[in-house]
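Report on one structure; see the data block that follows.
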Amino acid sequence: MNKPQLNFDFIRNSNVWTILENDHNLQANLFSFLIHFLLFIFMVFSIQWQSKIPNYAEVELWDAVPTQIKSKQIKKEPKSAKKMKVIPPKINEQQLKKNEEAEIKLKKKKAAEKKALARKKKFQEIKKLQAKLLKQEEIEKLQDKLLEQEKLDQIKDKLLEQEKVDKLRDSIREEELVKKPRLAIEADKELLAGINSGELDRFKALIQQKIQQNVNNQLCGLDRVELEFEISLMPTGDLLGEPKMTQSSNISSCDAAVERAILQSQPLPIPKNNKLFKRLKDLKLKFHPNGHYDL
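Yeah, the sequence shown ends on 277 if you go by my numbering, and it's all consecutive.
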């Protein structure tokens, strides 16, 4: 392609040129403009504006074979070709049955495990509750023991006070006996007369009768049973220590019932006479819960 040549003679012959020659700055600006204009013309004619399209092989991808081609292929098949029958797969009934049985067994196993877990959890809760109750029972026993010990201490204190009182009385009586021997002899005679008249047996019977009234006879059955206890009394009528069983009825509930009755009967009836009380301080009592009692 031939590049066009620019003719600048018309610019030189014009009046503009004379003006530009006189002004150096204007000449420089015009020269710069002319250079840029030439570069622009060069770029316009040097660039190829038509883009060539490259040749590529085009291939179409089909997801499925068109139905028309299938129909043509089917038509080309010989008429004598036999159609193939599609036989559905046979269902194995035994295998299905085994699978059902296995599923049932698995469900039963899971249910059994769930029940076992619940049973184990319940057993642990019961065990914890039993341990808690046992601990509470031990605390109650300890409290009862402390109360019993406190009661024994109180009884001992009372006994010591009573012994002091008895000693004081004895000393006073000794002085009175020294001063008034006749009166002392008469008092001893009255005491002996009281003992001979059965005063001792009367108080013993009163003690045993009060205890017998508190015995729960139903716990001793219908057979004739016999028990024997030893007790020690204080001047207040309270027991000194626990009652001691010397003969059992061979029925634990009956033995416990009689022992409870002895403890519940406190204070027991005692004589005011000190010498007579000393004869009743240590007693052996026989009990027949279903019949009479012996003195």
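Glycine is no exception: its CB is placed at the ideal position from the N, C-alpha and C atoms.
All of these numbers come straight from a predicted model, not from anything done at the bench.
Check, Outcome
"Going straight from the alpha carbon of Gln229 to that of Leu221, what length do you get?", "19 Å"
"Give the single residue among Gln248, Leu258, Pro271 whose Cα lies nearest to the Cα of Ser235.", "Pro271"
"Excluding the 5 residues preceding and the 5 following Lys192 in the sequence, name in chain order all residues of the same chain whose CB lies nearer than 6 Å to its CB.", "Ser247"
"What residue range does the beta strand (DSSP E) around Leu267 cover?", "264 to 269"
"Please classify Lys79: does DSSP put it in a helix, a strand, or coil?", "helix"
"Measure how close the beta-carbons of Asn256 and Arg151 come, nearest whole angstrom, since I'm counting them as under 8 Å.", "7 Å"
"Determine the extent of the alpha helix (DSSP H) in which Lys186 is found, giving its start and end residues.", "181 to 195"
"Would you mind working out which of Ile189, Ile233, Thr218 sits nearest Ala243, comparing C-alpha positions?", "Ile189"
"Measuring alpha carbon to alpha carbon, tell me which of Ile213, Leu142, Glu85, Ala84 ends up nearest Leu250.", "Ile213"
"Give me the Cα-Cα distance between Leu267 and Val197, rounded to the nearest whole angstrom.", "14 Å"
"Comparing C-alpha positions only, which one of Gln136, Ile154, Asp139, Phe211 sits nearest to Ser231?", "Phe211"
"With distance defined between alpha-carbon atoms, name the residue in Arg101, Leu265, Leu142, Lys80 nearest to Lys186.", "Leu265"
"Please determine, among Glu130, Lys79, Leu124, Lys91, the residue with the shortest C-alpha to C-alpha distance to Leu223.", "Checking the sequence, you will find Gly at residue 223 rather than Leu. Of the listed residues, the one whose Cα sits closest to Gly223 is Glu130."
"Following the continuous beta strand (DSSP E) through Ser214, name the residue where it begins and the one where it ends.", "209 to 214"
"By a C-beta neighbour count over all protein chains shown, 10 Å radius and 16 as the cutoff for buried, is Ala239 buried or exposed?", "buried"
"Starting from Gln246 and walking both ways along the alpha helix (DSSP H), at which residues does that stretch end?", "234 to 246"
"Can Pro225 and Glu208 be called in contact, C-beta distance under 9 Å?", "no"
"Would you call the CB atoms of Lys263 and Leu215 closer than 9 Å?", "yes"
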